[in-house]
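Chains as they are written, first to last, in the working numbering: chain A, 193 to 512; chain B, 50 to 334.
Working notes for the structure below.
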Amino acid sequence: MSILVAKGLKKYYRSQGGLFLRGRQLVRAVDGVDIELRKGMTLGLVGESGCGKSTLARLLLRLEEPTEGTLEIDGTDFFALRGRELRRARRKIQMIFQDPYSSLNPRLTAGSTIAEGIKIHKLARGADVERRVGELLDKVGLPRTAYSRYPHEFSGGQRQRIGIARALAVEPDIVVADEPVSALDVSVQAQIINLLADLQSDLGLTYLFVAHDLGVVEHVSDRISVMYLGRIVESGPAVELFSSPLHPYTEGLLASIPSAKPGDRVRVAISGDVPSPVDIPAGCAFHTRCPKAFGRCSAETPRLREVSPGRCAACWLHVD
Amino acid sequence: MSGGRSLWSAGWARFRKNPLAMAAAVTVLALYLVAIFAPVLTPYDPVSHGDLPEMRHQPPSREHPLGTDKFGRDVLTRLIYGSRISLTVSFLAVTISVVLGSIVGSVAGYTGGIVDAVLMRMVDALMSIPRLFLMLTCIALFSRSFLLVTILLGATGWMGTARLVRGQILSLRGREFVSAVEALGAGSRRIVLRHLIPNVLTVIIVSATLKIGLIILVEAALSFLGLGVPPPTPSWGQMVYEGREVLLDAWWVSTFPGLAIVVTVVGYNLLGDGLRDSFDPVQFT
Chain A
193 MSILVAKGLK
203 KYYRSQGGLF
213 LRGRQLVRAV
223 DGVDIELRKG
233 MTLGLVGESG
243 CGKSTLARLL
253 LRLEEPTEGT
263 LEIDGTDFFA
273 LRGRELRRAR
283 RKIQMIFQDP
293 YSSLNPRLTA
303 GSTIAEGIKI
313 HKLARGADVE
323 RRVGELLDKV
333 GLPRTAYSRY
343 PHEFSGGQRQ
353 RIGIARALAV
363 EPDIVVADEP
373 VSALDVSVQA
383 QIINLLADLQ
393 SDLGLTYLFV
403 AHDLGVVEHV
413 SDRISVMYLG
423 RIVESGPAVE
433 LFSSPLHPYT
443 EGLLASIPSA
453 KPGDRVRVAI
463 SGDVPSPVDI
473 PAGCAFHTRC
483 PKAFGRCSAE
493 TPRLREVSPG
503 RCAACWLHVD
Chain B
50 MSGGRSLWSA
60 GWARFRKNPL
70 AMAAAVTVLA
80 LYLVAIFAPV
90 LTPYDPVSHG
100 DLPEMRHQPP
110 SREHPLGTDK
120 FGRDVLTRLI
130 YGSRISLTVS
140 FLAVTISVVL
150 GSIVGSVAGY
160 TGGIVDAVLM
170 RMVDALMSIP
180 RLFLMLTCIA
190 LFSRSFLLVT
200 ILLGATGWMG
210 TARLVRGQIL
220 SLRGREFVSA
230 VEALGAGSRR
240 IVLRHLIPNV
250 LTVIIVSATL
260 KIGLIILVEA
270 ALSFLGLGVP
280 PPTPSWGQMV
290 YEGREVLLDA
300 WWVSTFPGLA
310 IVVTVVGYNL
320 LGDGLRDSFD
330 PVQFT
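So this is what it looks like as structure tokens:
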């Protein structure tokens, strides 16, 4: 059962033309994305830096207003909501942020930070607020003494736990995790990922897990979508996507995962840089870096279509 | 539960270790105490004239440690009572300008877009009017009073604070914790008052402290031009003005109020610098 359905999401920014640079340019950060989250499952969203995955995440939380597209969360048209209705509905979907330093208000104690959502939605009052915050601290594996401490007194991993507790305080259905471990030490990464997995099975949460590193995503995702320059180029069940990637870009990303076994790297990693989202190549956006590109790739844009049951790719190699 | 160490207490600990800042804080505090306890500190009346002509322009002596002025009034007494005017006017004026500047700055910074553009152009326009000229015009139009001078000083000094606060709010808005509270469903009032303003507060306090020194100077300049708080209420600027004709014969009439202005302004500026060094958010984020 799908709990979140987004169709044709687009977010364009106008880059500021300077005083002497005439003609403002259009940045197509998210350029027509369909996404579906199934209840209790994890969708991994991968792509290089600058491919628009963070913008997509922010669109789903309506922290950015879309240029185009529809979003349904639990049957409600999320983009149609205004004012008080929107604020009330925001409970359903929460976010865990990438930077554990900028994601906490330095002037609030951990307790106050976690209690914010409870107070905003009046989920408890008086001493009950404190009790609930205490439970949340337990849940994310922080000591109760954390309650009256300030963010600068915690480590990165602990701060990330506070961020998780803040998100869970309003009892969301969906949690969007935007690279939640990329700023952490490797040893701490595993702890946070395990915590997220435990919370998912305890609370029946639905995750969108955004990362630029396939290795992390493989571990947690049921399905994976691969994003390139504002579009989804491949999506499918995690296991199949890893064992037999359809899109040459996915193949390249997989090849870039470092291997423990020497001599195991037979596949070729992608070369070159991501083109600027101001100047997305015509045809398939990836053809400039694709080792398998042929004539049609630079002329026509392939659409995301089902290649085999449950597996989609936007690539001319997979069109009969 | 054990209490955490807030940024305030950490800043205060740093402040206490700075001797210059502590000296400035003590000086400023002492000035306020002097102003409050003026009647206790001096036996003389600051306003009423001396009876005898020979009491005029007396050099510093045992009875009059800082001498007397042209009406035979004790300079020290007038200096002490004058601190009331300087400190009250500057404190109230700074409060007005900081509150006004913070409101305009945070509205502009948080709302952005056209509101921001309009407010900031307004600030630019107001900033391009020479302050003293504007105040002289207003004082010429209305009658001189303590209240008018205070309001004018406050109303002409908020633009800098508005710019400062706007800049801070703009940079804070991009921080992830603001997105987080927005995603939680907080309204804009809660976001601004609970999450943005407290993070700008130290910057506001520091700028207010530094600004007080300037306001004392402007008030003194106004008084010197004869447009400050009307006599016979003692004000430092006016005392400097009154003594200028007899500077060579009775140097103490002008010199001591001048020194008082210098000490107060320097005290506030050092206090502001100390606060900035101890509480500037750049240091701990």
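Note that CB positions come from ideal geometry on N, CA and C, so glycine has one too.
This one's a predicted model, so the numbers in the text were calculated from it and none came from an experiment.
Hey, out of A:D465, A:L421, A:E443 and A:T442, whose CA is closest to A:G475's CA?
Taking the first residue of the first sequence as 1, we reach residue 475 of chain A at position 283. The residue with the shortest Cα to Cα distance from A:G475 is A:L421.
Could you please give the first and the last residue of the uninterrupted alpha helix (DSSP H) stretch that includes B:L320?
Looking up residue 320 of chain B in the second sequence gives position 271. Counting along the chain, the alpha helix (DSSP H) containing B:L320 begins and ends at W301 to F328.
As an exercise, report each continuous alpha helix (DSSP H) stretch of at least 4 residues that is fully enclosed by the region 345-397 of chain A, in chain order.
Runs found: 348-360 and 378-395.
If you measure beta-carbon to beta-carbon, which residues of the region 286-320 of chain A are closer than 7 Å to chain B?
So the list reads Q286, M287, F289, D291, S294, S295, L296, N297, P298, R299, T301, E308, G309, I312 and H313, given in the order they occur along the chain.
So A:Y342 contacts chain B; which residues on that side make the cut at Cβ distance below 8 Å?
In the first sequence, the residue the question calls residue 342 of chain A occupies position 150. In chain order: G53, R54, S55 and L56.
Less than 7 Å between C-beta atoms, sequence neighbours within five positions excluded: which residues of the same chain meet that for A:K202?
Taking the first residue of the first sequence as position 1, residue 202 of chain A is located at position 10. Correct list, in chain order: V222, D223, G224, P258, T259, E260 and G261.
Can you have a look at A:M419 and say buried or exposed, based on whether 16 or more other CB atoms are within 10 angstroms of its CB?
Translated into the one-based positions of the first sequence, residue 419 of chain A becomes position 227. Classification of A:M419: buried, given that the 10 Å Cβ count is 16 or more.
Taking the alpha-carbon positions, what's the A:L235 to B:M169 distance?
Along the first sequence, read from residue 1 onward, the residue named residue 235 of chain A stands at position 43. Along the second sequence, read from residue 1 onward, the residue named residue 169 of chain B stands at position 120. If you take the alpha carbons of A:L235 and B:M169, they lie about 44 Å apart.
Give the secondary structure of A:K199 by DSSP, where H, G and I count as helix, E and B as strand, and everything else as coil.
To locate residue 199 of chain A, count along the first sequence from 1; it is residue 7. A:K199 falls in the strand class under three-state DSSP.
Run through DSSP, which three-state label would A:E498 get?
Position 306 of the first sequence, counting from 1, holds the residue named residue 498 of chain A. Reduced to three states, the DSSP call for A:E498 is strand.
If I measure Cβ to Cβ from B:Q107 and keep anything under 7 Å in the same chain, skipping five residues before and after, which residues do I get?
Locating residue 107 of chain B in the second sequence gives position 58, counting from the first residue. Only H113, G116 and T117 meet the Cβ criterion.
If you measure beta-carbon to beta-carbon, which residues of the region 377-396 of chain A are closer than 7 Å to chain B?
Answer set for the region 377-396 of chain A: empty.
Just the chain A side, please: which residues come within less than 7 Å of B:R63 by C-beta, in chain order?
Along the second sequence, read from residue 1 onward, the residue named residue 63 of chain B stands at position 14. Here the premise fails: no neighbours, minimum Cβ distance about 14 Å.
Roughly how many whole angstroms lie between the Cα atoms of A:V368 and A:L400?
Position 176 of the first sequence, counted from the first residue, corresponds to residue 368 of chain A. Position 208 of the first sequence, counted from the first residue, corresponds to residue 400 of chain A. Using only the alpha carbons, I get a separation of about 5 Å.
I'd like the span of the alpha helix (DSSP H) that includes B:I288, first residue to last.
Residue mapping note: residue 288 of chain B aligns to position 239 of the second sequence, counting from 1. The sequence shown places Met at residue 288 of chain B, rather than the Ile named in the question. Counting along the chain, the alpha helix (DSSP H) containing B:M288 begins and ends at W285 to G292.
Could you tell me whether the Cβ of A:R279 comes closer than 7 Å to any Cβ of chain B?
Numbered from 1 along the first sequence, position 87 holds the residue referred to as residue 279 of chain A. Interface residue, yes.
Per DSSP, what are the beta-bridge partners of A:E256 in this structure?
Here residue 256 of chain A is taken as the residue at index 64 of the first sequence, counted from 1. Note: A:E256 sits in no beta bridge, so no partner.
Tell me which residues share the same chain as B:I188 and place their Cβ nearer than 8 Å to its Cβ, disregarding the 5 neighbours each side in the sequence.
Against the second sequence, residue 188 of chain B aligns to sequence position 139. Contacts found: L197, V198, L201, L271 and L276.
According to DSSP, what are the bridge partners of A:G429?
For the purposes of this step, residue 429 of chain A is taken as residue 237 along the first sequence, with counting starting at 1. In the sequence on display, residue 429 of chain A carries Pro and not Gly. Partner(s): A:R415.
Report the rounded CA-to-CA distance for A:Q350 versus A:A357, giving the unit in angstroms.
Along the first sequence, read from residue 1 onward, the residue named residue 350 of chain A stands at position 158. Along the first sequence, read from residue 1 onward, the residue named residue 357 of chain A stands at position 165. Computed Cα separation, rounded: 11 Å.
Note down, in chain order, each residue of its chain lying with its Cβ closer than 6 Å to the Cβ of A:L300, except the 5 sequence neighbours on either side.
The count along the first sequence starts at 1 and reaches residue 300 of chain A at position 108. Hits under 6 Å: none found.
Would you say B:L233 lies against chain A (beta-carbon separation less than 7 Å)?
Locating residue 233 of chain B in the second sequence gives position 184, counting from the first residue. So yes, B:L233 belongs to the interface.
Can you name, in chain order, every residue of its own chain whose Cβ lies under 7 Å from the Cβ of B:V241, other than the five neighbours on each side?
One-based indexing of the second sequence puts residue 241 of chain B at position 192. Same-chain partners within the cutoff: S155 and Y159.
Residues in the same chain with beta-carbon distance under 7 Å from B:L320, minus the five sequence neighbours each way, listed in chain order, please.
In the second sequence, the residue the question calls residue 320 of chain B occupies position 271. Excluding sequence neighbours, B:L320 sits near A70, A73, A74, V77 and T258.
On a Cα-Cα basis, can you pick out the residue from B:I265, B:T205 and B:A204 that is closest to B:V315?
For the purposes of this step, residue 315 of chain B is taken as the residue at position 266 of the second sequence. Nearest C-alpha to B:V315: B:I265.
Using beta-carbon positions only, say whether A:R230 and A:S207 come within less than 7 Å of one another.
Position 38 of the first sequence, counted from the first residue, corresponds to residue 230 of chain A. Position 15 of the first sequence, counted from the first residue, corresponds to residue 207 of chain A. No, the Cβ-Cβ distance between A:R230 and A:S207 is not below 7 Å.
Would you be able to state if there are at least three C-beta pairs under 8 Å between the region 236-255 of chain A and the region 405-417 of chain A?
In short, these stretches touch, since the Cβ pair count reaches three.
For B:S51, name the three-state secondary structure that DSSP assigns.
Here residue 51 of chain B is taken as the residue at index 2 of the second sequence, counted from 1. Note that B:S51 has pLDDT 45, beneath the 50 cutoff, so the model's placement of it is unreliable and no number is given.
What residues from chain A crowd round B:N67, counting only those whose CB sits closer than 9 Å?
For this step, residue 67 of chain B is matched to residue 18 along the second sequence. Near B:N67 there are no residues of chain A at all, since even the closest Cβ is about 21 Å away, more than 9 Å.
Apply the 10 Å Cβ neighbour rule to B:Q332 and answer buried if 16 or more other Cβ atoms are within range, or exposed otherwise.
One-based indexing of the second sequence puts residue 332 of chain B at position 283. For B:Q332, the predicted model reports a pLDDT of 46, less than 50, meaning its position is unreliable; a value from the coordinates is still stated below. The residue in question, B:Q332, is exposed, as its Cβ has fewer than 16 Cβ neighbours within 10 Å.
When DSSP labels each residue in this structure, what does B:L82 get in the three-state scheme?
Residue numbering aside, residue 82 of chain B sits at position 33 when the second sequence is read from its first letter. Of the three classes helix, strand and coil, the one that applies to B:L82 here is helix, per DSSP.
Starting from B:V89, trace the alpha helix (DSSP H) in both directions and tell me its first and last residue.
On the second sequence, residue 89 of chain B is found 40 positions in, with the first residue counted as 1. Its alpha helix (DSSP H) spans residues A87 to L90.
At a Cβ cut of 7 Å, what residues of the region 218-233 of chain B count as close to chain A, listed as they run along the chain?
Listed by position along the chain: R224, E225, F226, S228, A229, V230, E231, A232 and L233.
Evaluate A:A198 with the Cβ neighbour count: other Cβ atoms within 10 Å of its Cβ, from every protein chain shown; 16 or more gives buried, anything less gives exposed.
Reading the first sequence from its first residue, position 6 is the one you call residue 198 of chain A. By the 10 Å Cβ count, A:A198 comes out buried.
Here's a check: name, in chain order, each residue in its chain whose Cβ is nearer than 8 Å to the Cβ of B:N25, leaving out the five neighbours to either side.
Here chain B has residues from 50 to 334 only, and residue 25 of chain B is not among them.
Report the three-state DSSP secondary structure of B:I200 (helix, strand or coil).
As a first step, residue 200 of chain B is located in the second sequence; it is residue number 151 there, counting from the start. Correct three-state label for B:I200: helix.
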